[in-house]
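Counting the sequence shown from 1 gives a position; the working numbering is that position plus 1. All C-beta atoms in this analysis are idealised placements derived from N, C-alpha and C, irrespective of residue type, glycine included.
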Amino acid sequence: MASKSAWQKVSEGSNESSDKLTEICLDGLTVLKIIKHCHEFSHEVTGSLVGLDKDNKLEVTNCFPYPVLEADSEESQSSLDDYQLEMLKMLRDVNVDNNCVGWYQSRFMGASCTAELVETQLQYQSSLGNKMVVIVYNPVRTMRGNLALHAYRLSDTFMKAHKKDKNFTQESLTAMELESSKILEEIPIKITNTPLNQALLYELRKDAQLTCRFNRLNLSINPVLEKEMGELVTCVAELTEEQAKFQRYERDCVQQKQRRSNWLQERRLENAKRKEDGQEQLPENEPANPVFKKIPEPSRLQSLLVSKQIHTYCDQINRFAGNSFSKIFLAGSLHKD
2 MASKSAWQKV SEGSNESSDK LTEICLDGLT VLKIIKHCHE FSHEVTGSLV
52 GLDKDNKLEV TNCFPYPVLE ADSEESQSSL DDYQLEMLKM LRDVNVDNNC
102 VGWYQSRFMG ASCTAELVET QLQYQSSLGN KMVVIVYNPV RTMRGNLALH
152 AYRLSDTFMK AHKKDKNFTQ ESLTAMELES SKILEEIPIK ITNTPLNQAL
202 LYELRKDAQL TCRFNRLNLS INPVLEKEMG ELVTCVAELT EEQAKFQRYE
252 RDCVQQKQRR SNWLQERRLE NAKRKEDGQE QLPENEPANP VFKKIPEPSR
302 LQSLLVSKQI HTYCDQINRF AGNSFSKIFL AGSLHKD
């Protein structure tokens, strides 16, 4: 993603308000651009969203893709910043909306609440305001007949928890009442078409360039369900590992507390003996001693993210299976007729 200074050079009007978003108005051509970019590559791609902020609504009027970086280095990130800066400048020169309102990403399979997505979205909202959003597009589910397009932003609860404790310890999560369901907030999307968009779609249909993909009528649900179930099992294994890490931390704390208690008991017995001999007392606190060093608590953020992914997979499997059964029953009724 671009640096804050790079965006602010062009997007001086970016919103910094913390008002809650109620709806995202997405231009029809922008949706087609996102879909075209995501279907051109077999791997996940990202891009930038530009538009306007009106009260509690966000209007996304345009977008442009990010180039694929060969290596994740400072030089590559610098070139990406320069590219985004030039794109925003060119949009401004042609009198097109150039205010950055978020970014988009393709997800072929899997839940959206990943550590990479949360980290990137956190940088957007911290730099440009709480109304920055991320739009996640799933090409695989779209090919099955449903437009899989969702918009998210980090919740105010998560932003406050991150500001208070970036390590997300168990104590801070309990104090902030942060749960896995409160990490991402989904914003409703409303797709609108301008008269020019409708004219373009009419011309495409007239010239037979807008064809129907009959594979959307495919009734097979096994490939998708197998993939979703495989991802769900992987998440359950990751959650088990995270729980084991925290249990190991708690066990180490108990053992260290016991060692500290034993050390203090021995030191007090030694001081009692030294007192009888008229010698100087030894301190009962030695910061350099390993028994007094604090064991770092592992971050609980990954556990929250994995829990959110498990909930998302279960919800997706439930909805996908329900829609698929509806198709099967409809097809069965047609065969009977």
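A contact is defined here as three or more CB-CB pairs under 8 Å, and the stretch 116–130 fails this definition with respect to the stretch 89–98. Excluding five sequence positions before and after N168, the CB atoms of its chain that fall closer than 6 Å to its own CB belong to S300, given in chain order. Under the three-state reduction of DSSP output, E24 falls in the strand class.
Annotation: K164 to D94 spans about 37 Å, alpha carbon to alpha carbon. For A162, the uninterrupted alpha helix (DSSP H) run begins and ends at D157 to K165, by DSSP. Inclusion of F109 and P140 in the CB contact set at 8 Å is warranted, their separation being smaller than that value. Going by C-alpha positions, L53 is about 19 Å away from P196. Restricting attention to K132, Q85, Q78 and H40, the CA atom closest to the CA of V61 is found in K132. In the three-state DSSP reduction, H44 falls in the coil class, being neither helix nor strand. Taking the Cα of E180 as reference, the smallest distance to any Cα among G279, W264 and L302 is reached at L302.
Taking a 10 Å sphere around the C-beta of V255, we find fewer than 16 other C-beta atoms and assign the residue as exposed. For L150 against V32, the beta-carbon gap comes to about 7 Å, under 8 Å, which counts as contact. For V237 against I311, the beta-carbon gap comes to about 7 Å, under 8 Å, which counts as contact.
Rounded to whole angstroms, the gap between the alpha carbons of K183 and A289 is 40 Å. Going by beta carbons, E24 and K161 fall outside the 8 Å limit.
V292 is positioned such that its CB atom lies no closer than 8 Å to that of R269. Between N100 and the set L205, E243 and K55, the nearest pair of CA atoms involves K55. DSSP places Q122 within a helical segment (H, G or I) once states are collapsed to three.
Ranked by how close their Cα comes to the Cα of L185, the residues N194, I136, E227 and R252 have I136 in first place. Check the Cα spacing between F159 and each of E178, N263 and L148: the tightest is with E178. The C-alpha of L148 is placed about 24 Å away from the C-alpha of N57.
For P140, the enclosing alpha helix (DSSP H) begins and ends at P140 to M144. For E172, the enclosing alpha helix (DSSP H) begins and ends at Q171 to M177. Counting along the chain, the unbroken beta strand (DSSP E) around F65 starts and ends at K58 to P66. Shortest Cα-Cα distance from D82 to any of N272, T143 and G48 involves G48. The Cβ neighbour count for Q248, taken over all protein chains shown within 10 Å, is under 16; the residue is labelled exposed. Going by C-alpha positions, G130 is about 21 Å away from T115.
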